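Only one structure is covered here, and it is reproduced in the block below.
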Amino acid sequence: MIAYDNIQIIDCPTSAYFKPKRILYEEDGVNKSWDMVRVHDSVSILLYHIERQSFVLVKQFRPPVFVSACLYGGQSVDGYTYELCAGLVDKAHKSVEQIACEEVLEECGYALVPEMLQKIGVFYGSTGISGSKQTMFFARIGQNQRAHQGGGIDTEDIEIIYLPLEEVESFMADEQFCKSVGLGYALVWFQQHFKDGHA
C-alpha cells in the first residue's frame, strides 16, 4: 500500500547527513578534481530466524529510489525497498557491534548481544560518490530474542519481512522487488557458507 504523498524535489543547501566536497589532487602529473559527498559509515546485519527458517528483512520507502527510478528513469516502482537491517555509525563511544545490536532491536525488535554477531566483511559503497564504509554482520535469532514488534524509532516506518529460505532464489530474480546491493551480497554469502541451506 502506498503511504507517501505530495513529493517535491527542491535544492538542499544544508544537511545533517551529508556534506558535499570537492577533492583536488594530482595523479600521474595531471591535476584533477572529484566531487564527493561525505556521509557516515554504516553497519548492516543479515538475520536468520532459526524457527521460521527465514531471513528477517526490512522494507521501507526510500525517496531517492522512487525519484531516480520513477521520476527520472521512467520505471514503474513504488519506492519501497527490501534491505538488510542497517544503521549509521554515528556514536563515537560505541563499537560497530554495539551499534549493530541497537539497530536490530530498533528496526526488527530482536535483542542481541555483540557475541552473537559474525562478521561477514567490510565493504566500501558508492565508491564514486561517498566512499563510505559498511561493516556487515550475520546473526542467528529465534523467538527467545524477540523483545518487541520493531518498526524503527521516531518517524521511521519500517515493515518487517520474513523471507523463507526456499523463496530466496525467486525473490532475488524478481525485479519488481527493489533490493539493496548489500542484501543481494549477504544472501549469496549465506548460500556459499551454508551449502546445506541451514545456518
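Residue 298 is where the sequence shown starts when you use our numbering, and the numbers rise one by one after that. Where a beta carbon is used, it is the ideal one built from N, C-alpha and C, also for glycine. None of these values were measured; they are calculated from a predicted model.
Would you identify the three-state DSSP class for residue i, choosing helix, strand or coil?
| i | result |
| --- | --- |
| residue 470 | helix |
| residue 461 | strand |
| residue 441 | helix |
| residue 384 | strand |
| residue 317 | strand |
| residue 340 | strand |
| residue 346 | strand |
| residue 327 | strand |
| residue 453 | coil |
| residue 365 | helix |
| residue 410 | coil |
| residue 486 | helix |
Going by alpha carbons, who is nearest to residue i out of the options?
| i | options | result |
| --- | --- | --- |
| residue 333 | 321, 340 and 365 | 321 |
| residue 302 | 418, 331, 376 and 353 | 376 |
| residue 448 | 396, 406 and 487 | 406 |
| residue 501 | 393, 483 and 460 | The requested residue 501 does not occur in the structure, where the chain is confined to residues 298 to 496. |
| residue 486 | 369, 417 and 471 | 417 |
| residue 410 | 397, 371 and 386 | 397 |
| residue 351 | 474, 458 and 473 | 458 |
| residue 468 | 378, 422, 392 and 424 | 378 |
| residue 425 | 311, 330 and 305 | 330 |
| residue 488 | 470, 474, 387 and 465 | 465 |
| residue 347 | 451, 361, 440 and 471 | 440 |
| residue 450 | 373, 372 and 357 | 357 |
Please work out which residues of its chain come closer than 6 angstroms, Cβ to Cβ, to residue i, disregarding the five sequence neighbours upstream and downstream, and give them in chain order.
| i | result |
| --- | --- |
| residue 355 | 380, 382, 404 and 455 |
| residue 463 | none |
| residue 363 | 376 |
| residue 408 | 402, 442 and 444 |
Per DSSP, residue i forms a beta bridge with which residues?
| i | result |
| --- | --- |
| residue 418 | 433 |
| residue 378 | 357 and 475 |
| residue 491 | The partner list for residue 491 (beta bridge, DSSP) is empty, contrary to what the question assumes. |
| residue 334 | 317 |
| residue 351 | 346 and 461 |
Within a Cβ cutoff of 8 angstroms, which residues of the same chain sit near residue i, ignoring the five residues on either side of it in sequence?
| i | result |
| --- | --- |
| residue 400 | 340, 342, 382, 383 and 384 |
| residue 491 | none |
| residue 307 | none |
| residue 427 | 315, 333, 334, 335 and 336 |
| residue 419 | 430, 431, 432 and 433 |
| residue 318 | 332, 333, 334 and 335 |
| residue 349 | 459 and 461 |
| residue 474 | 379 and 468 |
Going along the chain, which residues of its own chain have a beta-carbon closer than 7 angstroms to the beta-carbon of residue i, five neighbours each way excluded?
| i | result |
| --- | --- |
| residue 483 | 343, 381, 417 and 433 |
| residue 395 | 411 |
| residue 498 | Since the first residue shown for the chain is 298 and the last is 496, residue 498 is missing from the structure and cannot be characterised. |
At a threshold of 7 angstroms, does residue i count as lining the ligand COA (C-beta to nearest heavy atom)?
| i | result |
| --- | --- |
| residue 457 | Absence of the ligand COA from the depicted structure is noted, as is the absence of any ligand whatsoever, leaving it without description. |
Measuring only between beta-carbons, confirm whether residue i sits less than 8 angstroms from chain D.
| i | result |
| --- | --- |
| residue 489 | Among the chains in the structure shown there is no chain D, since it carries only a single protein chain. |
For this session: Report yes or no: do three or more beta-carbon pairs, one from the region 474 to 491 and one from the region 338 to 348, lie closer than 8 angstroms?
Result: Contact holds: three or more Cβ-Cβ distances are below 8 angstroms.
Exercise. Would you call the region 312 to 328 and the region 432 to 440 touching, i.e. three or more CB-CB distances under 8 angstroms?
Worked result: no
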